[in-house]
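In my numbering, the protein residues as written are 1 to 253.
Note that the Cβ used here is the ideal one computed from N, Cα and C, for glycine as well.
Quick notes on the structure that follows.
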């Protein structure tokens, strides 16, 4: 009976993890001139143009991002807000960007070239740079690490109670912990990205065009990203709050 219950729970977890990605029909009048189709992704520009735009925008946004970070983390060591920017040129990878930490504890924002090729304008690139910086400003990596540790501990204890392998329980618990609040983290990063883009002179509304073209995410319990419509709504609401305050609305997430 214990094995049956454990198997049932694992199946439920796996079903809940599935994310659906939809690519709507291409728009009729894209801004860039280059249009190709590869693995359901519509590319607008060359790799060289994408890299050039990313380098230029990251240099322009870096001082503002670091000032914003230090406003909320004045007590942390300087490396916490010392942002680094990297580019993955592997064209075989699906479009992606993420924030990590290097071995000195500095936040690293990494874009891959296919994401840059698929972005329609500088507003979209600026918004995603702000979004990835938002993960560090909101301390999401630190919180996620704590969630994983708590989930692993709880899973190990539960496995022991039902007579299962504690390591399997810890692995499952850690997995569930890694997904806890991940969708809310993404929405919080979108909120911060809205402010950073706006303050840097870019349009957050144009910036979410990528989400409008490519519907991603899922409402499944253990999905890592919320549905695109939820993210679009969050950015629109935050942008309206900024406009209603004549640009003086404080950043909160």
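Contact test: residue i Cβ vs the ligand FAD heavy atom, cutoff 7 Å
i: residue 107; result: With respect to small molecules bound, the structure shown includes none, and the ligand FAD cannot be examined in it.
Supposed contact pair residue j and residue i - C-beta distance, whole angstroms, cut 8 Å
i: residue 114; j: residue 95; result: 5 Å
i: residue 65; j: residue 196; result: 6 Å
i: residue 132; j: residue 210; result: Not really, about 13 Å apart at Cβ, beyond 8 Å.
i: residue 140; j: residue 185; result: 5 Å
i: residue 187; j: residue 234; result: 5 Å
i: residue 254; j: residue 50; result: Here the chain covers residues 1 to 253 and nothing more, so residue 254 does not appear.
i: residue 107; j: residue 136; result: 4 Å
i: residue 200; j: residue 74; result: In fact, because the Cβ distance is near 21 Å, the residues do not count as touching under 8 Å.
i: residue 97; j: residue 111; result: 5 Å
i: residue 192; j: residue 138; result: 6 Å
i: residue 99; j: residue 109; result: 6 Å
i: residue 194; j: residue 204; result: 4 Å
Helix, strand or coil at residue i according to DSSP, with G and I counted as helix
i: residue 57; result: helix
i: residue 93; result: coil
i: residue 202; result: coil
i: residue 130; result: helix
i: residue 250; result: coil
i: residue 138; result: coil
i: residue 238; result: helix
i: residue 195; result: helix
i: residue 165; result: coil
i: residue 229; result: helix
i: residue 144; result: helix
i: residue 122; result: helix
i: residue 245; result: coil
i: residue 74; result: coil
i: residue 157; result: helix
i: residue 65; result: helix
i: residue 209; result: helix
i: residue 48; result: helix
Paired residues, beta bridge with residue i - DSSP
i: residue 110; result: 86 and 98
Practice problem: Inspect the CB distances between the segment 118 to 133 and the segment 241 to 248 and report whether three or more fall short of 8 Å. | Solution: no
Quiz item: Contact between the segment 69 to 79 and the segment 42 to 49: three or more CB pairs below 8 Å?
Solution: Touching, no.
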